[in-house]
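**Student:** Residue numbers (my numbering): 1 to 125.
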Amino acid sequence: SDHTHKEWALLFGTPQIALGSWSIIFGVVCLIFVLQGMSVLALLIPYIRLQMMQFHVVVDMIGLLANSVIFGLLMLQGDVFCSDPIVNIVTYVIANTAWCASSIICTLLVMNRICELTERPNVFK
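1. Judging by CA-CA distance, which residue of 12, 10, 3 and 19 is the nearest neighbour of residue 76?
2. Heavy atom of the ligand HEM less than 8 Å from the Cβ of residue 35, yes or no?
3. So, is residue 33 buried or exposed, given that buried needs 16 or more other C-beta atoms within 10 angstroms?
4. Please classify residue 98 as buried or exposed, where buried requires at least 16 neighbouring CB atoms within 10 angstroms.
5. Pick helix, strand or coil for residue 119, following the three-state DSSP scheme.
6. Just the C-alpha distance for residue 22 and residue 63, rounded to the nearest angstrom, thanks.
7. May I have a chain-ordered list of the alpha helix (DSSP H) segments no shorter than 4 residues that lie completely inside the segment 34-122?
8. Mind checking residue 59: buried by the 16 CB within 10 Å criterion, or exposed?
9. Short of 6 Å in beta carbon distance, which residues of its chain neighbour residue 81, apart from the five on each side in sequence? Order them along the chain.
10. Cα-Cα, which of 50, 66 and 83 is closest to residue 27?
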């Protein structure tokens, strides 16, 4: 690379105060709502679909942290990829893994519901 990490940040890193603040506030508000939903699901644990939904909530919280809160902090700093590639790659991997896990859990929830509707509830036990 032609520049050091600090040079990349100085040359191209522009702090995005409004968008970074919005991202953090939105993420924290969503996390508060998700935690409230999690407390309700914690009371209904005996059912397998509710256990899967509770795991889905945990995965969503991880995704929200990566996509909103960490991303907002990086925007407030004016971070560009070349100024801190390790943090950006780790954040991307966490966000992408959370999205993939969320998609798989949703598919399993659909399959669980189909098995219940077709009178095959023992498949997921």
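Positions of the beta carbon are idealized from the N, C-alpha and C atoms, including for glycine.
Note that this is a predicted model, so its numbers are computed, not measured.
**Tutor:** Reading off the structure:
1. For the residues 12, 10, 3 and 19, the minimum Cα distance to residue 76 belongs to 19.
2. Absence of the ligand HEM from the depicted structure is noted, as is the absence of any ligand whatsoever, leaving it without description.
3. exposed
4. That one is buried.
5. coil
6. Here the C-alpha atom of residue 22 lies approximately 17 Å from the C-alpha atom of residue 63.
7. DSSP runs (the alpha helix (DSSP H)) wholly in the segment 34-122: 48-64, 71-77 and 85-117.
8. buried
9. 88
10. Residue 66 is the option with its Cα nearest to residue 27.
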